[in-house]
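A.B. asks: Shown below is the structure under consideration.
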Amino acid sequence: MNLQARWNALCQTLHLHGDHGVTFQDLCFCYEEPHRHYHTLTHLLQGFEEIDRLGRETPRLSLIEYAYWFHDAIYVISNSDNELKSAKLACRVGKQAGLCEKDLDLIEQLILATIPSHESRTKEEKLIGDIDLSIFGQNEHFFEAYEQAIRKEYLCVPDALFNPGRAAILQQFLARKTIYHTPFFQQRYEEQARINLQRSLRRLQCTLASTMS
-14 MNLQARWNAL CQTLHLHGDH GVTFQDLCFC YEEPHRHYHT LTHLLQGFEE IDRLGRETPR
46 LSLIEYAYWF HDAIYVISNS DNELKSAKLA CRVGKQAGLC EKDLDLIEQL ILATIPSHES
106 RTKEEKLIGD IDLSIFGQNE HFFEAYEQAI RKEYLCVPDA LFNPGRAAIL QQFLARKTIY
166 HTPFFQQRYE EQARINLQRS LRRLQCTLAS TMS
């Protein structure tokens, strides 16, 4: 199923009204912005693969998918409120399309749950957070491509600032008791994710050490 067909199917499942094609094109425009290298439509596709693996018996999966469509719609590297703005956009579009307030509240919380420092409490928040971090548990080739894409998005940041900042982020994830919140993702990706993050962290630490010597 291509992306537009998937979006149309989701809109039908949620009984959304309005011009679904216009919303789809608006989302594509967001995810195809030239400064993006990782937070693109490909990132969405990978997340949808994880959603499909969860199975349709997962409660509120359609709302999780709707939130995932919008979770990185706003992405400006110099801003700290991208997720909040993305959540507001998702809710504004959803309200115009007929979603109820209860669903809109959930969607907002789901998108905010993709903030790395967010403390997820509900099963739905934990699932979308794990979906968003599923790249950590991919094989070395895909993970290294992800790392390179992230660096491209931050090309305006010099190595002297990027490397220690990135190392700190990786250390925060590795310090968690588990990187993933849910058994499904822990069983599928936890071991490989730790291998990938540790390898990336070691490389950054070596680079930092060499610049200080």
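Residues -14 to 198, numbered by my numbering, are exactly what the sequence shown covers, in order.
Just so it is clear, CB atoms sit at the ideal spot from N, CA and C, and this is done for glycine as well.
1. Helix or strand or just coil, what does DSSP make of serine 164?
2. What are the start and end residues of the alpha helix (DSSP H) that includes tyrosine 16?
3. From the DSSP output, in three-state form, read off aspartate 115 for me.
4. Taking its Cβ as the centre, do 16 or more other Cβ atoms sit within 10 Å of histidine 28, making it buried, or is it exposed?
5. Taking the C-alpha atoms as reference points, what is the distance between lysine 73 and glutamine 81?
6. Judging by CA-CA distance, which residue of Gln156, Gly40, Leu30, Glu42 is the nearest neighbour of histidine 56?
7. Going along the chain, which residues of its own chain have a beta-carbon closer than 7 Å to the beta-carbon of phenylalanine 158, five neighbours each way excluded?
8. If we count Cβ pairs, one from each stretch, closer than 8 Å, do we get three or more for the region 143 to 153 versus the region 61 to 76?
9. Output yes or no for whether 8 Å exceeds the beta carbon distance between isoleucine 49 and isoleucine 100.
10. The alpha helix (DSSP H) with aspartate 88 in it runs from where to where?
11. Is histidine 28 helix, strand or coil by DSSP?
12. Tell me whether glutamate 125 sits in a helix, a strand or coil according to DSSP, three-state version.
13. In this structure, how does DSSP classify glutamate 42 when only helix, strand and coil are distinguished?
14. Is the region 36 to 50 touching the region 125 to 136, taking contact as three or more C-beta pairs under 8 Å?
15. With DSSP run on the structure shown, which of helix, strand or coil describes isoleucine 199?
16. Among the residues of its own chain, which have a CB less than 7 Å from the CB of valine 78, if the five just before and after it don't count?
17. On a CA-only basis, which of His5, Ala194, Gln177, His166 is nearest glycine 225? Give me that one, please.
18. What's the gap between the Cα of isoleucine 120 and the Cα of glutamate 35?
19. Assuming cysteine 76 and glutamate 104 are in contact, meaning their beta carbons sit under 8 Å apart, how far apart are those beta carbons, in whole angstroms?
20. Whose C-alpha, out of Glu176, Arg161, His166, Asp144, is nearest the C-alpha of leucine 189?
21. Is the separation between the beta-carbon of tyrosine 23 and that of glutamate 138 shorter than 8 Å?
22. Among Glu18, Leu118, His2, which residue has its Cα nearest to the Cα of phenylalanine 169?
23. Measure from the alpha carbon of tryptophan 54 to the alpha carbon of each residue in Leu26, Arg38, Val61, then state which is nearest.
C.D. replies: According to the structure shown:
1. Just to set this straight, residue 164 is isoleucine in the shown sequence, not serine. If DSSP states are grouped into helix, strand and coil, isoleucine 164 belongs with coil.
2. Tyrosine 16 -> alpha helix (DSSP H) spans 5 to 16.
3. Assignment of aspartate 115 by DSSP, reduced to helix, strand and coil, places it in the helix class.
4. By the neighbour-count rule (16 or more Cβ atoms within 10 Å), histidine 28 is buried.
5. Going from the Cα of lysine 73 to the Cα of glutamine 81 covers about 12 Å.
6. Distance check between histidine 56 and each of Gln156, Gly40, Leu30, Glu42 places Leu30 closest, using alpha-carbon atoms only.
7. Setting aside the 5 residues that flank it on each side, phenylalanine 158 is surrounded in the same chain by Ile164, Leu182, each with a C-beta closer than 7 Å to its C-beta; the list follows chain order.
8. No: the two stretches stay apart, fewer than three of their Cβ pairs being nearer than 8 Å.
9. Here isoleucine 49 is not near isoleucine 100, since their CB atoms are 8 Å or more apart.
10. Membership of aspartate 88 in the alpha helix (DSSP H) is indicated by the continuous run 86 to 97.
11. Three-state result, histidine 28: helix.
12. In the three-state DSSP reduction, glutamate 125 falls in the helix class (H, G or I).
13. Annotated three-state conformation of glutamate 42 is coil, per DSSP.
14. No, they do not touch.
15. Examination of residue 199 is not possible in this model, given that the chain is present from -14 through 198 alone.
16. Spatial neighbours of valine 78 in its own chain (CB-CB distance under 7 Å, excluding positions within 5 residues in sequence) are listed in chain order as Thr8.
17. Here the chain covers residues -14 to 198 and nothing more, so residue 225 does not appear.
18. Taken atom to atom, the span from the alpha-carbon of isoleucine 120 to that of glutamate 35 is near 10 Å.
19. Taking the Cβ atoms as the reference, cysteine 76 lies roughly 21 Å from glutamate 104, outside the contact range of under 8 Å.
20. Taking each of Glu176, Arg161, His166, Asp144 in turn and checking the Cα distance to leucine 189, the smallest one comes out for Asp144.
21. Yes, the pair counts as a contact, with Cβ atoms nearer than the cut-off.
22. It is Leu118.
23. Comparing Cα-Cα distances from tryptophan 54 to each of Leu26, Arg38, Val61, the minimum goes to Leu26.
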